[in-house]
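Data first, discussion second: the structure below is written as structure tokens.
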Amino acid sequence: MKHDKKCVLAYSGGLDTSTIVIWLARQGYEIHAVLVDVGQQEDLSALAEKALRMGAKTAVIRDAKPLMYGSVVPYAIALGATYEGNYRLGTALARPFIALEQVRTAKALGGATLVHGATGKGNDQIRFEFAYKSLAPECPVLAPWKVWDLAGRADMIAYLHAAGVKDDFAVVKDYSLDENLWHLSVEGSELEDPEAFVNVDKVLGTVSNRFSGGPAADTAPTIVRVAFDKGVPVALDGLPIGLPQLVARLNQTYRAAPWAWDMVIENRFTGIKSRGLYINPAAKLLHAAVDGLARAVLNKPTYDHYCELGRQYGTMMYRGEYFSQQRLALEATGSALMKHLSGEVAVQLVPTPYVAQIRAPKAIFNKSLSTFERSDYAHADAAGFIHLSWLGLVGPRPAEEPDGGAVETGWDSAPDLCGDQSVSERGLVPAST
1 MKHDKKCVLA YSGGLDTSTI VIWLARQGYE IHAVLVDVGQ QEDLSALAEK ALRMGAKTAV
61 IRDAKPLMYG SVVPYAIALG ATYEGNYRLG TALARPFIAL EQVRTAKALG GATLVHGATG
121 KGNDQIRFEF AYKSLAPECP VLAPWKVWDL AGRADMIAYL HAAGVKDDFA VVKDYSLDEN
181 LWHLSVEGSE LEDPEAFVNV DKVLGTVSNR FSGGPAADTA PTIVRVAFDK GVPVALDGLP
241 IGLPQLVARL NQTYRAAPWA WDMVIENRFT GIKSRGLYIN PAAKLLHAAV DGLARAVLNK
301 PTYDHYCELG RQYGTMMYRG EYFSQQRLAL EATGSALMKH LSGEVAVQLV PTPYVAQIRA
361 PKAIFNKSLS TFERSDYAHA DAAGFIHLSW LGLVGPRPAE EPDGGAVETG WDSAPDLCGD
421 QSVSERGLVP AST
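Quick note: the sequence shown uses my numbering, first residue 1, plus one each step.
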């Protein structure tokens with residue numbers, strides 16, 4: 001077949017992208033498969049050979065881990081970045097770097113069509129296509145799920161078998177997995193129904209083959225000490241270690257631990273809700289540790305800003321806005337805060353992770369002020385603070401409000417909380433006798 005069109009496919013080797021290779025060939029494309037190493041536990045060389053066997057002209061492997069560790073991962077850790085509070089961005093961190101490697105290949109080919117295997121329901125389509133538009137607006141984009149007539153897994157298996165593909169895709173996995181250096185996500189089956197009771201042990205048992213190589217959860221150390229330099233972990237249990245090795249060791253050691261996961265109902269960018277189980281022990285442990293450090297070294301308004309910054313950075317990454325001015329601005333602000341985050345934090349892991357000890361040279365925690373014992377603090381000074389703070393709360397008397405200040409609760413009205421006393425700008429005043 002003569003190929004008049006060239007395309008670059010983000011190839012994973014799974015059912016979807018395997019089907020896409022066959023489909024693209026039938027559409028007349030010359031297919032260049034890109035397999036990007038983002039930390040997934042897969043034999044990428046074998047998958048590259050599979051892509052060639054399926055019909056790709058070339059299949060290249062690119063290692064994105066060094067770039068991820070040198071750019072986005074430090075901010076994800078130091079800012080405690082999450083989406084909606086407890087999704088730790090595993091998939092979201094990797095997608096921009098997969099797209100980046102696609103774009104590099106497409107430009108080398110003179111502007112080839114960029115192809116991804118994301119469906120029209122989820123976030124990944126947005127993450128890929130935002131990156132494409134930002135990095136290579138001149139390259140066409142093709143998302144097969146938006147144009148073909150295949151409706152699901154059964155259709156794809158039948159399509160491949162009709163094309164003579166011998167690979168066995170007949171066994172339907174209970175769950176859909178996505179793995180990278182930051183997490184392992186588990187979705188599908190009963191997780192798709194919030195009314196279904198989820199047995200986490202069963203789910204973890206299904207993916208137990210991913211847990212090989214580390215000690216059993218009951219034999220792993222129960223206390224971990226992490227040293228931070230400007231928000232970035234630099235030592236583990238007193239020994240200097242590079243960030244890639246530290247994250248990998250924590251994930252390997254604790255990925256079977258009972259606390260190592262988060263189960264989240266999230267609001268996708270598209271508006272569709274989804275539920276997933278995310279196994280991310282390194283992220284969970286490091287987020288707890290760096291938050292403890294931030295609480296010790298930042299004053300209240302700065303800590304509040306730090307928390308908001310982590311939320312904004314997490315939302316930005318979740319929405320696929322990595323290649324944007326917004327990211328540069330958030331990272332510039334984050335770097336200014338991160339320079340204060342140096343010290344060592346001990347995290348007790350049993351029964352669930354908590355910060356047990358913080359040693360930070362820049363800590364502003366004043367033991368002489370916070371103690372319940374004798375100190376030089378003048379307790380009487382608090383009276384003026386309370387009065388000045390209260391002045392900002394002064395408003396109309398409850399009786400002056402149209403509804404009396406009542407809140408509809410469905411319960412019978414309660415007696416006036418002030419009893420028989422009235423309220424003035426000076427506070428409660430005795431009732432007349």
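Beta carbons are placed, not taken as given, at the ideal position from N, Cα and C, and that holds for glycine.
Bear in mind that the values here come from a model prediction, so they are computed numbers and not experimental data.
- Nearest-angstrom beta carbon gap, residue 290 and residue 341 [assumed within contact, 8 angstroms]: Walking along the sequence shown from the start, residue 341 turns up at place 341. Walking along the sequence shown from the start, residue 290 turns up at place 290. About 6 angstroms separates the two Cβ atoms, so the contact holds.
- Message: Between which residues of its own chain and residue 336 is the CB-CB distance below 7 angstroms, once the five residues before and five after are set aside?
- Response: Here residue 336 is taken as the residue at index 336 of the sequence shown, counted from 1. Residues of the same chain with a CB within less than 7 angstroms of the CB of residue 336, apart from the 5 flanking positions on each side, do not exist.
- The alpha helix (DSSP H) with residue 343 in it runs from where to where? Mapped onto the sequence shown, residue 343 falls at position 343. That residue, residue 343, is in no alpha helix (DSSP H); its beta strand (DSSP E) goes 343-348.
- Message: Considering Cα atoms alone, identify which of 17, 62 and 18 is closest to residue 35.
- Response: As a first step, residue 35 is located in the sequence shown; it is residue number 35 there, counting from the start. Per the Cα distances, 62.
- Alpha carbon of residue 303 to alpha carbon of residue 205, nearest angstrom: Residue mapping note: residue 303 aligns to position 303 of the sequence shown, counting from 1. Residue mapping note: residue 205 aligns to position 205 of the sequence shown, counting from 1. Distance between residue 303 and residue 205, taken at the CA atoms: about 39 angstroms.
- By Cβ distance below 6 angstroms, which residues in the same chain neighbour residue 156 in space, the five residues on each side in sequence not counted? Within the sequence shown, residue 156 is the residue found at index 156, counting from 1. Excluding sequence neighbours, residue 156 sits near 15, 19 and 150.
- Message: Looking at the secondary structure, which residues open and close the alpha helix (DSSP H) in which residue 75 lies?
- Response: Your numbering for residue 75 matches position 75 in the sequence shown. Note, residue 75: alpha helix (DSSP H), 72-78.
- Does residue 126 come within less than 7 angstroms of chain D when only Cβ atoms are used? Judged by its chain identifiers, the structure shown contains no chain D, having just a single protein chain.
- Item | Exposed unless 16 or more other CB atoms sit within 10 angstroms - verdict on residue 411 | Taking the first residue of the sequence shown as 1, we reach residue 411 at position 411. A caution first: residue 411 carries a pLDDT of 44, below 50, which makes its placement in the model unreliable, though a value can still be read off. Around the beta carbon of residue 411, fewer than 16 other beta carbons lie within 10 angstroms, which makes this residue exposed.
- Alpha carbon to alpha carbon, how far is residue 177 from residue 381? Locating residue 177 in the sequence shown gives position 177, counting from the first residue. Locating residue 381 in the sequence shown gives position 381, counting from the first residue. Taking the straight line joining both Cα atoms gives about 58 angstroms.
- Assigned exposure category for residue 79 - 16 Cβ within 10 Å defines buried: For the purposes of this step, residue 79 is identified with residue 79 of the sequence shown, where counting begins at 1. Residue 79 comes out buried.
- Query: If you draw a straight line from the alpha carbon of residue 278 to that of residue 262, how long is it in whole angstroms?
  - Reply: If you number the sequence shown from 1, residue 278 lands on position 278. If you number the sequence shown from 1, residue 262 lands on position 262. Rounded to whole angstroms, residue 278 to residue 262 spans 5 angstroms at the Cα level.
- Got a sec? Which residues, its chain only, sit under 7 angstroms from residue 146 by beta carbon, not counting five neighbours each side? Indexing the sequence shown from 1 puts residue 146 at position 146. Setting aside the 5 residues that flank it on each side, residue 146 is surrounded in the same chain by 120, each with a C-beta closer than 7 angstroms to its C-beta; the list follows chain order.
- Below 7 angstroms CB to CB, which residues in the same chain sit around residue 183 once its five sequence neighbours on both sides are set aside? Along the sequence shown, one-based indexing puts residue 183 at 183. Counting only Cβ-Cβ distances below 7 angstroms, and skipping sequence neighbours, we find 88, 90, 278, 279, 280 and 283.
- In its own chain, which residues sit with a C-beta less than 8 angstroms from the C-beta of residue 148, not counting the 5 before and 5 after it? Within the sequence shown, residue 148 is the residue found at index 148, counting from 1. So the list reads 23, once near-sequence residues are dropped.
- Message: Could you compute how far the alpha carbon of residue 12 sits from the alpha carbon of residue 308?
- Response: Here residue 12 refers to the residue found at position 12 when the sequence shown is read from its first residue. Here residue 308 refers to the residue found at position 308 when the sequence shown is read from its first residue. In a straight line, the C-alpha of residue 12 is about 35 angstroms away from that of residue 308.
- Query: Of the residues 50, 260 and 346, which one's Cα is nearest the Cα of residue 352?
  - Reply: Residue numbering aside, residue 352 sits at position 352 when the sequence shown is read from its first letter. Nearest C-alpha to residue 352: 260.
- Is there contact here, the region 128-144 with the region 69-79, by at least three beta-carbon pairs under 8 angstroms? Using a C-beta cut-off of 8 angstroms, the region 128-144 makes no contact with the region 69-79, since fewer than three inter-stretch Cβ pairs fall below that distance.
- Item | Sufficient close CB pairs (3 or more, under 8 angstroms) joining the region 49-65 to the region 187-200 | Pairwise C-beta distances place the region 49-65 out of contact with the region 187-200, as fewer than three of them are shorter than 8 angstroms.
- In three-state terms, what does DSSP make of residue 436? With the chain represented from 1 up to 433, any question about residue 436 goes unanswered, as that position is not in the structure.
- Task: Tell me residue 262's beta-bridge partners as DSSP assigns them.
- Result: Within the sequence shown, the letter at position 262 stands for residue 262. Bridge partners of residue 262: 278.
- Helix, strand or coil for residue 222 per DSSP? Within the sequence shown, numbered from 1, the residue matching residue 222 stands at position 222. Residue 222 carries a coil assignment under DSSP once its states are collapsed to helix, strand and coil.
- Message: In this structure, how does DSSP classify residue 228 when only helix, strand and coil are distinguished?
- Response: Along the sequence shown, read from residue 1 onward, the residue named residue 228 stands at position 228. Correct three-state label for residue 228: strand.
- Message: I'd like the list of long-range same chain contacts for residue 320, defined as Cβ closer than 6 angstroms, with 5 residues on each side in sequence excluded.
- Response: As a working mapping, residue 320 is identified with position 320 in the sequence shown. Spatial neighbours of residue 320 in its own chain (CB-CB distance under 6 angstroms, excluding positions within 5 residues in sequence) are listed in chain order as 126, 127 and 130.
- Message: Taking 7 angstroms as the threshold (C-beta atoms), are residue 364 and residue 345 in contact?
- Response: As a working note, residue 345 is residue 345 in the sequence shown. As a working note, residue 364 is residue 364 in the sequence shown. Taking 7 angstroms as the Cβ cut-off, residue 345 and residue 364 do not qualify as a contacting pair.
- For residue 6, I'd like the list of residues in its chain whose CB is within less than 6 angstroms of its CB, leaving aside the five on either flank, ordered along the chain. Here residue 6 is taken as the residue at index 6 of the sequence shown, counted from 1. Annotation for residue 6: 30, 109 and 112 place their beta carbon closer than 6 angstroms to its own, counting only its chain and skipping 5 residues before and after.
- Is residue 40 near residue 179, with beta carbons less than 7 angstroms apart? The count along the sequence shown starts at 1 and reaches residue 40 at position 40. The count along the sequence shown starts at 1 and reaches residue 179 at position 179. In this structure, residue 179 lies closer than 7 angstroms to residue 40 by Cβ.
- Where does the unbroken beta strand (DSSP E) through residue 5 begin, and where does it stop? Within the sequence shown, numbered from 1, the residue matching residue 5 stands at position 5. Counting along the chain, the beta strand (DSSP E) containing residue 5 begins and ends at 5-10.
- Task: Kindly indicate which three-state DSSP category residue 172 falls into: helix, strand or coil?
- Result: The count along the sequence shown starts at 1 and reaches residue 172 at position 172. Reliability fails at residue 172, whose pLDDT of 48 lies under 50, so the model's placement of it is uncertain and the value that follows must be treated cautiously. Three-state result, residue 172: coil.
- Item | Best match in 394, 297, 245 and 221 for proximity to residue 350 [C-alpha to C-alpha] | Translated into positions along the sequence shown, residue 350 becomes position 350. The residue with the shortest Cα to Cα distance from residue 350 is 221.
- Item | Rounded C-alpha distance that separates residue 21 from residue 98 | Here residue 21 refers to the residue found at position 21 of the sequence shown. Here residue 98 refers to the residue found at position 98 of the sequence shown. One C-alpha to the other measures close to 17 angstroms.
- Query: Do you know offhand how far residue 297's Cα is from residue 362's?
  - Reply: On the sequence shown, position 297 is the one that residue 297 refers to. On the sequence shown, position 362 is the one that residue 362 refers to. For residue 297 and residue 362, the distance between alpha carbons rounds to 6 angstroms.
- Message: Between which two residues does the beta strand (DSSP E) holding residue 43 run?
- Response: In the sequence shown, residue 43 corresponds to position 43, counting from 1. Looking at the DSSP string, residue 43 is not in any beta strand (DSSP E), and its letter there is neither H nor E.
- Message: I want to check one thing, is the minimum distance from the CB of residue 49 to the heavy atoms of the ligand PLP below 6 angstroms?
- Response: In terms of ligand content, the structure shown is empty, and the ligand PLP therefore cannot be addressed.
- Query: Where does residue 379 sit, in a helix, a strand or coil, going by DSSP?
  - Reply: Sequence index remark: in the sequence shown, residue 379 carries index 379 (1-based). In the structure shown, the three-state DSSP call for residue 379 is coil.
- Query: In this structure, does DSSP put residue 339 in helix, strand or coil?
  - Reply: Position 339 of the sequence shown, counted from the start, is the residue given in the question as residue 339. Three-state DSSP puts residue 339 in coil, outside helix and strand.
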